[in-house]
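One structure below.
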Amino acid sequence: MKLFNSKTIFLFFLCFHYLSNVFSCAAIQAPSGGPKDETAPFLLYSTPATGAINFDQSIVQLFFSEYILERSISDAISLLPKTNDPIQVKYKGKELVVKLPDSLLIDQTYILSINRNLKDENGVSLSEGIQLAFSTGNIIDKSKINGKLFSEEEASALLWKIRDSVDAKEFFLRQPDYTIDANEDGHFSFNYLSNGSYKLLGINRSKLNELLDLNYSIYGTSSTDVIKIDSASTFKKDVNILIPKTSKYIRVVNGKWIDSRRGEINFDAPINGKIDYIKVEITSGGNKILPNLFVDNNENNTLHFFIKDSLKSGLNTIINVVPSDNAEHSIIDSALISAKTKSNIDTSYLSIKDAEKMNNLEIEEDQIRPFDFSFSKVLYNVILDSALTLKKDSVIIDFILEKLSPMHYRVIPKINWIPNTDYNLFVIRDKLKMANTRGIKDSLLILNIKTSPFRKFGSLRGNLIEKYNEPLVARLSSLEKEQYFLDVFVNSNSSFKINKIPEGIYSLMFYNDRDENDYYSYGSLSPYQSSEWFEIIPDTISIRSNWDMEITNIKLNSF
1 MKLFNSKTIF LFFLCFHYLS NVFSCAAIQA PSGGPKDETA PFLLYSTPAT
51 GAINFDQSIV QLFFSEYILE RSISDAISLL PKTNDPIQVK YKGKELVVKL
101 PDSLLIDQTY ILSINRNLKD ENGVSLSEGI QLAFSTGNII DKSKINGKLF
151 SEEEASALLW KIRDSVDAKE FFLRQPDYTI DANEDGHFSF NYLSNGSYKL
201 LGINRSKLNE LLDLNYSIYG TSSTDVIKID SASTFKKDVN ILIPKTSKYI
251 RVVNGKWIDS RRGEINFDAP INGKIDYIKV EITSGGNKIL PNLFVDNNEN
301 NTLHFFIKDS LKSGLNTIIN VVPSDNAEHS IIDSALISAK TKSNIDTSYL
351 SIKDAEKMNN LEIEEDQIRP FDFSFSKVLY NVILDSALTL KKDSVIIDFI
401 LEKLSPMHYR VIPKINWIPN TDYNLFVIRD KLKMANTRGI KDSLLILNIK
451 TSPFRKFGSL RGNLIEKYNE PLVARLSSLE KEQYFLDVFV NSNSSFKINK
501 IPEGIYSLMF YNDRDENDYY SYGSLSPYQS SEWFEIIPDT ISIRSNWDME
551 ITNIKLNSF
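When we follow my numbering, the leftmost residue of the sequence shown carries the number 1, and every step to the right adds one.
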């Protein structure tokens with residue numbers, strides 16, 4: 001039998017010692033196995049506890065219910081008010097150790113803010129932001145501002161403590177003194193605030209760490225110019241902010257020539273209804289040309305332009321997009337686009353855009369609904385009336401043709417559509433004369449139109465408990481159809497009625513149309529303008545066809 005010699009035994013223990021050290025130094029992590037944990041992590045306790053006074057330590061320890069995802073801590077924890085020197089965070093699995101800067105002020109309440117970027121190892125975020133307070137003096141500030149951010153995206157509240165009269169106008173040029181993430185329901189609360197004057201904004205959380213841009217940041221202001229905290233008013237509640245879906249300004253994304261006579265410009269937001277605010281100039285060889293403009297019927301981010309006479313193919317041009325001269329206020333930023341004209345040779349056939357999506361037409365009993373369609377090309381100086389025929393079975397239907405743009409047309413029958421009936425719109429090739437381009441491929445282009453049953457509607461009436469001298473608007477917004485809403489003014493008797501409401505689920509909002517421009521104003525930063533007051537009724541409203549719904553004795557918070 002062969003025995004192990006002393007050298008073999010030495011090597012065995014050496015390897016064992018090495019492996020023990022390797023595994024003992026492995027990364028801290030949660031045990032594997034079992035179903036995925038989707039429970040949000042929460043703070044168990046901190047050392048010192050929140051509310052500590054005469055604080056003179058250099059670290060704060062945070063103990064959580066779950067193993068924290070290490071890469072999530074970098075933008076998740078901050079010290080407020082902000083200090084010149086940053087904090088440092090050490091990761092220890094379920095524990096985070098926050099090293100504080102040496103430059104803390106005396107007799108100052110500080111807040112350790114933990115936002116919803118902090119996640120556990122399963123990627124689950126905190127359910128809401130956390131604020132822990134401590135004071136370097138013997139008193140801790142306890143004033144509060146809370147409210148709700150109304151936004152389609154996750155949102156954050158930004159708070160500035162105003163320093164002087166200049167800062168009151170330019171506060172947004174610096175980082176906010178306090179930030180907090182709203183929870184999933186939009187609620188937020190700033191705690192442990194000192195006496196002073198404050199400005200509050202709501203923004204989309206994805207833009208939290210970016211500097212505010214006056215034109216392109218998406219934000220809403222509060223309806224109060226300044227929020228004042230003093231000994232007589234230590235708690236400001238229900239400070240609500242409505243955050244818009246888009247920025248105040250619209251940007252040009254790109255532009256190009258389609259041929260030597262027409263082109264298109266694409267924007268980063270819809271421009272339908274805003275064409276009067278936009279001006280386009282085309283420059284080539286020192287000559288300026290003002291083209292005709294129209295918005296695409298299907299892609300409302302696209303602006304088409306065309307000129308009277310064709311330019312030379314391959315010609316260098318500058319397309320200058322500027323605010324219109326007669327616009328009351330600007331909604332676009334100027335842009336210069338360098339583009340070459342394209343050849344006039346077009347081998348494609350004329351067609352109807354998205355024809356397969358247009359078969360169903362919703363109709364109404366007391367109103368003739370038009371049938372809209374768009375061609376794939378601009379029709380220059382084309383008389384279309386004789387090229388179109390509308391039929392039900394073999395019966396020709398008289399109609400009125402409206403030209404909304406050189407591509408977009410509308411057919412309106414002189415006698416209302418019949419419910420649940422098939423119609424055909426014929427486009428006759430021989431009667432549709434196209435210059436320098438191909439027309440439709442076949443002798444007939446047929447659009448099938450299927451009408452719906454007559455659409456039914458409901459109505460909503462209501463009254464407020466109190467009377468308001470300011471102009472008050474009731475807005476009913478669909479929760480199923482994007483950007484569909486109905487506005488009516490509340491009358492002098494504090495009552496309102498909204499007629500002809502499509503069946504569906506809605507929310508009801510009231511707002512003070514302070515500037516009397518017939519739409520809600522979200523506020524602005526420069527010059528600073530508070531938003532218009534609003535209140536959203538918490539319960540949803542179900543509208544049913546042929547039903548008159550009534551809501552009585554609505555109580556609103558004062559504005």
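We put the CB at the ideal spot given by N, CA and C, even for glycine.
Original post:
On the three-pair Cβ rule with 8 Å, is the segment 220 to 228 touching the segment 254 to 271?
Top reply: no
Subject >> Under 8 Å between C-beta atoms of E503 and I551 >> reply: no
Original post:
When you compare only the Cα positions, how much space is there between G129 and H187?
Top reply: 10 Å
**OP:** Drop a sphere of 10 angstroms on the beta-carbon of P176, count the other beta-carbons inside from all chains shown, and report buried for 16 or more, exposed for fewer.
**Re:** buried
Original post:
Relative to the C-alpha of I352, which residue among L118, L193, N469, I440 is closest?
Top reply: I440
**OP:** Taking all protein chains shown into account, decide if N557 is buried (16 or more other Cβ within 10 angstroms of its Cβ) or exposed.
**Re:** exposed
Original post:
Hey, quick one: how far does the alpha helix (DSSP H) through A168 stretch, first residue to last?
Top reply: 165 to 170
Subject >> Whole-angstrom distance between D385 and D430, CA atom to CA atom >> reply: 13 Å
Original post:
Looking only at its own chain, which residues have a Cβ that is under 8 Å from the Cβ of V566, when we skip the five neighbours before and after it?
Top reply: Residue 566 lies beyond the stretch modelled for the chain, which goes from 1 to 559, so this question has no answer here.
**OP:** Compare the Cα-Cα distances from R410 to each of D366, L200, F534, T389 and report the closest residue.
**Re:** T389
**OP:** Give the C-beta separation of V473 and F454 to the nearest angstrom, bearing in mind that I take them to be a contact with Cβ-Cβ under 8 Å.
**Re:** Between F454 and V473 the Cβ distance is about 30 Å, and since that is not below 8 Å, they are no contact.
Original post:
What did DSSP end up calling C25 once you bin it into helix, strand or coil?
Top reply: At C25, the pLDDT of 42 sits below 50, so the modelled position is not reliable and the matter cannot be decided from this model.
Subject >> Straight-line Cα distance separating A335 from V322 >> reply: 7 Å
**OP:** Specify, as a first and last residue, the run of the beta strand (DSSP E) that S334 falls within.
**Re:** Here S334 belongs to no beta strand (DSSP E), and DSSP marks it neither H nor E.
Original post:
So, are the CB atoms of L118 and I162 less than 8 Å apart?
Top reply: no
Original post:
N364: which of I412, N553, M407 sits nearest, CA to CA?
Top reply: This sequence places Glu at residue 364; Asn is not what is there. Per the Cα distances, I412.
Subject >> Beta-bridge partners of Q61, as assigned by DSSP >> reply: T47, V97
Original post:
What is the DSSP secondary structure of A232, counted as helix, strand or coil?
Top reply: coil
**OP:** In the DSSP assignment, find the unbroken beta strand (DSSP E) run with F373 in it and report its ends.
**Re:** 371 to 374
Original post:
Tell me which same chain residues have a C-beta within less than 7 Å of the C-beta of I140, skipping the five on either side of it?
Top reply: G51, I53, T109, A133, Y192
Original post:
Applying the criterion that 16 or more other CB atoms from any shown protein chain within 10 Å of the CB defines a buried residue, is P41 buried or exposed?
Top reply: buried
**OP:** Alpha carbon to alpha carbon, how far is G462 from F496? Give it in angstroms, no decimals.
**Re:** 6 Å
Subject >> Beta-ladder partner(s) of T109, from DSSP >> reply: S135
**OP:** Per DSSP, which residues does P323 bridge with? Please list them.
**Re:** I278
Subject >> Beta-carbon gap between K342 and S310 smaller than 8 Å >> reply: no
Subject >> Residue range of the beta strand (DSSP E) that includes W160 >> reply: 155 to 161
**OP:** Please classify A182: does DSSP put it in a helix, a strand, or coil?
**Re:** coil
**OP:** Please name the residue, chosen from F457, L425, V378, T83, that lies closest to L112 on a Cα-to-Cα basis.
**Re:** T83
Original post:
Tell me, which residues are paired with I537 by DSSP?
Top reply: DSSP output for I537 lists no bridge partner at all.
**OP:** With distances taken Cα to Cα, identify the nearest neighbour of I449 among W257, A355, F171.
**Re:** A355
Subject >> Same chain only: Cβ atoms within 8 Å of S324, ignoring 5 sequence neighbours per side >> reply: D276, Y277, I278, K279
Original post:
What are the residues that DSSP puts in a beta bridge with K90?
Top reply: V97
Original post:
What is the DSSP secondary structure of N429, reduced to helix, strand or coil?
Top reply: According to the sequence as given, residue 429 is Arg; it is not Asn. In this structure, R429 counts as helix in the three-state DSSP scheme.
**OP:** Note down the Cα distance separating K90 from R116, rounded to an integer number of angstroms.
**Re:** 18 Å
Original post:
Going straight from the alpha carbon of S78 to that of Y511, what length do you get?
Top reply: 36 Å
Original post:
Exposed or buried, what is G178 when buried is set at 16 or more other beta-carbons lying within 10 Å of its beta-carbon?
Top reply: What sits at residue 178 in the sequence shown is Tyr, not Gly. With 16 or more other Cβ atoms within 10 Å, it is buried.
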